[in-house]
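> Protein chains in written order, with the working numbering: chain F, -12 to 110; chain Z, 1267 to 1649. Cβ atoms here follow ideal geometry from the backbone N, Cα and C, with glycine treated the same way. These numbers come from a predicted model, not from an experiment. This is the structure, below, for whatever I ask next.
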Amino acid sequence: MDVSFALAVIFTGIVIVFLVLVLLIAIMMIMGKLLYKPQQPAAPQKPDTPASPHRAAAGMKAAPMPIVESGIEEETIAVISAAIAALTGGAGRIASIRKAAGRSHGKRRAWASAGLRENTQPF
Amino acid sequence: MDIFLNTLQGIAQSSGFAALGSVEGLKYLAMIIIACVLLYLAIVKQFEPLLLLPIAFGMLLANIPVANLNSHAEGSLLYYLYQGVKLGIYPPLIFMGVGAMTDFGPLIANPKSFILGAAAQIGIFMTFFGALALGFTGPEAGAIGIIGGADGPTAIYTTGKLAPHLLGPIAVAAYSYMALVPVIQPPIMKLLTTKKERCIVMEQLRPVSKREKIIFPVVVTIIVSLIVPDSTALIGMLMLGNLMKECGVVERIAKTATNELMNIVTILLGITVGATATADTFLTAQTLFIIVLGVIAFSFGTASGLVFGKIMCWATKGKVNPLIGSAGVSAVPMAARVAQRVGQKENPTNFLLMHAMGPNVAGVIGSAVAAGVLINILTPYVK
């Protein structure tokens, strides 16, 4: 075996592979900087006139509290409310929140399955 | 009556059964048994069945005595189909289908993953050295080393260019080890990482715009092809397939590349590569060496990816889980799934799959670049 030949091939090969891929890293980073604009969360709009406690109370009356099954945590209610509000642009109203029918042992929850499916679908 | 008996005798003497009785025939018998074992692995154990099944059946056909149906038997069906391998047509077409099925989003979101894809290619060059030490010629050693890229079409393409007589054993080794990724990798991953490292939860990747996904294949093709022109066929087809998927205006041909074309080429590639494995070329000490060197190549690739993963973990002060480095050895998406599984075993809430897909698809590009480099350097030594 010609050791110098072997080492030359190994050295050249590794250097070129790294060189090409490092170059691609640099280009991808520049491309990301130029093309990716992270979405800024919308700044809360200042109301023209401060809402009076009376109006706020009236607003609360307009959105009746949903009927929530006992045992459901407040955090869960908040998450569901936020999801519905995001999906419907704030126009949706929640009438009631109840637990889904029991799942069989060993199976994922519907939300977990949906999230997993969405993340892994391309692969 | 005599004519009838003479005819029967003639048929018996010229049949394959008569040929199996000789010493040469025993070699054919051994190859038929090996082909049946591979069929068993493909069907029952489901080891990369889409490729191992046609490969095994091609091997079976090539070793039926007297039938003379192998990829080198001029005039036979498989000889003509084999020209697609010999001329380097099938592997790039498969790459086009792979590109049309691959989402490079995780890699674009985290381009540093390219480093892990490059690191895992070190196994290719280490194995190249090992093969030279065992007495293989330079081109043969290059073809054996590419098994470490864990990329079937790349291995077949490189072997077709550098050492076509080794196509059978290298294809069998490459696809068998790709199927064994979930068995080979986890012990190495556990050996080279600490429990604390395996538990690291990585930050969510940023979303990638459609424009970035469309520009990516064009940029990669230009850059890689200009630096390593010998890998243009592989990278070009891979990126063409991806561009067809991402641009969204040629949905019909993107679907054809992923389904019909890919399936047809897979059948032709598998059966003709399998049919190169005749008793004379397969039942040799070289095959045994290739099988051993193949597993060494895989292990080195996994280990070097993990070591670079650890370096990145250290450099980012614990933001990178080193397990994703093991996915740099291509084998898409199996290697990424293994990283996910091993990580989730330590921390059930951890979800590493998307992070591991970055190095995984970077490994495909890395192994194609490595193949181009080896073809460029070693082609003048092909006899």
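For residue 1514 of chain Z, which residues in chain F fall below 8 Å Cβ to Cβ?
Neighbours of residue 1514 of chain Z on chain F: none; closest Cβ ~14 Å, over 8 Å.
> Could you check the C-alpha separation between residue 78 of chain F and residue 1305 of chain Z for me, to the nearest Å?
Those two C-alpha atoms are separated by around 60 Å.
> Tell me the rounded alpha-carbon separation between residue 1345 of chain Z and residue 1332 of chain Z.
Approximately 16 Å between the Cα atoms of the pair.
> Can you find a C-beta in chain Z that's less than 8 Å from the C-beta of residue 18 of chain F?
It does: the Cβ of residue 18 of chain F has a partner Cβ on chain Z nearer than 8 Å.
> Pick from Z:1520, Z:1503, Z:1504: whose alpha carbon is nearest that of residue 1510 of chain Z?
It is Z:1520.
> With a threshold of 8 Å between beta carbons, is residue -7 of chain F in contact with chain Z?
It does: the Cβ of residue -7 of chain F has a partner Cβ on chain Z nearer than 8 Å.
> Output yes if chain Z places a C-beta closer than 8 Å to the C-beta of residue 104 of chain F; else output no.
It does not: the Cβ of residue 104 of chain F has no partner Cβ on chain Z nearer than 8 Å.
> Give me the residue from Z:1276, Z:1299, Z:1400 with the minimum Cα distance to residue 1551 of chain Z.
Comparing Cα positions, the closest option is Z:1400.
> DSSP state of residue 1633 of chain Z, grouped into three classes?
Helix at residue 1633 of chain Z.
> When you compare the CB of residue 1604 of chain Z with every CB in chain F, is at least one pair closer than 8 Å?
For residue 1604 of chain Z, the answer is no, since every Cβ of chain F falls outside 8 Å of its Cβ.
> Applying the 10 Å Cβ sphere with the 16-neighbour rule, what's the burial state of residue 38 of chain F?
Only weak support exists for where residue 38 of chain F lies, its pLDDT of 48 falling under 50; the value from the coordinates is given anyway. With fewer than 16 Cβ atoms within 10 Å of its Cβ, residue 38 of chain F is classed as exposed.
> Does residue 63 of chain F get closer than 8 Å to chain Z when you measure Cβ to Cβ?
No, because no Cβ of chain Z sits closer than 8 Å to the Cβ of residue 63 of chain F.
> Counting only beta-carbon atoms, is residue 1331 of chain Z nearer than 8 Å to chain F?
No, residue 1331 of chain Z lies away from the interface with chain F (no Cβ there is under 8 Å from its Cβ).
> Using the three-state DSSP reduction, which class does residue 1310 of chain Z fall into: helix, strand or coil?
Residue 1310 of chain Z: coil per DSSP, three-state reduction.
> What is the rounded straight-line gap between the Cα of residue -3 of chain F and the Cα of residue 1634 of chain Z?
Taking the straight line joining both Cα atoms gives about 16 Å.
> Could you give the DSSP three-state label for residue 1332 of chain Z: helix, strand or coil?
Three-state result, residue 1332 of chain Z: coil.
> From the DSSP output, in three-state form, read off residue 1422 of chain Z for me.
In this structure, residue 1422 of chain Z counts as helix in the three-state DSSP scheme.
> Would you tell me roughly how many angstroms separate the C-alpha atoms of residue 1563 of chain Z and residue 1529 of chain Z, rounded to the nearest one?
When rounded, the distance between both Cα atoms is 28 Å.
> To be precise: take each residue of the region 1368 to 1379 of chain Z, compare its Cβ to all Cβ atoms of chain F, and keep it if any distance is under 7 Å. Which residues remain?
Hits within the stretch, in order: 1369, 1374, 1377, 1378.
> Should residue 1347 of chain Z and residue 1538 of chain Z be called a contact, given that it needs their Cβ atoms to be closer than 8 Å?
Closer than 8 Å, so yes.
> Once the 5 residues before and after residue 1391 of chain Z are set aside, which same chain residues still bring their CB inside 7 Å of it?
These residues qualify, in order along the chain: 1411.
> 8 Å is my cut-off, CB to CB: does residue 4 of chain F come that close to chain Z?
True, the Cβ-Cβ gap to chain Z drops below 8 Å.
> Going by the CB atoms, is the gap between residue 1612 of chain Z and residue 1441 of chain Z shorter than 8 Å?
Not a contact, by the Cβ cut-off of 8 Å.
> Where does the unbroken alpha helix (DSSP H) through residue 1356 of chain Z begin, and where does it stop?
Element bounds for residue 1356 of chain Z: 1356 to 1367.
> Please classify residue 1574 of chain Z as buried or exposed, where buried requires at least 16 other C-beta atoms within 10 Å of its C-beta.
Buried, by the Cβ-count rule.
> Once you ignore the five residues that flank residue 1555 of chain Z on each side, which residues in its own chain have a CB closer than 7 Å to its CB?
Same-chain partners within the cutoff: 1400.
> Within 10 angstroms of its Cβ, does residue 1267 of chain Z collect 16 or more other Cβ (buried), or is it exposed?
Classification of residue 1267 of chain Z: exposed, given that the 10 Å Cβ count is below 16.
> Could you tell me the distance, in whole angstroms, from the CA atom of residue 1473 of chain Z to the CA atom of residue 1369 of chain Z?
The straight-line gap from Cα to Cα measures roughly 13 Å.
> For residue 117 of chain F, would you say it is in contact with chain Z, using Cβ-to-Cβ distances shorter than 8 Å as the test?
With chain F running from -12 to 110 in the structure shown, residue 117 of chain F is simply not present.
> Residue 66 of chain F touches chain Z at which residues, Cβ-Cβ below 7 Å?
Residues of chain Z passing the Cβ test: none, with the nearest at roughly 17 Å.
> Please state the DSSP three-state secondary structure of residue 44 of chain F.
Caution is warranted here: a pLDDT of 46 is assigned to residue 44 of chain F, below 50, making its placement in the model unreliable, and the coordinate value is therefore given only provisionally. Three-state DSSP puts residue 44 of chain F in a helix.
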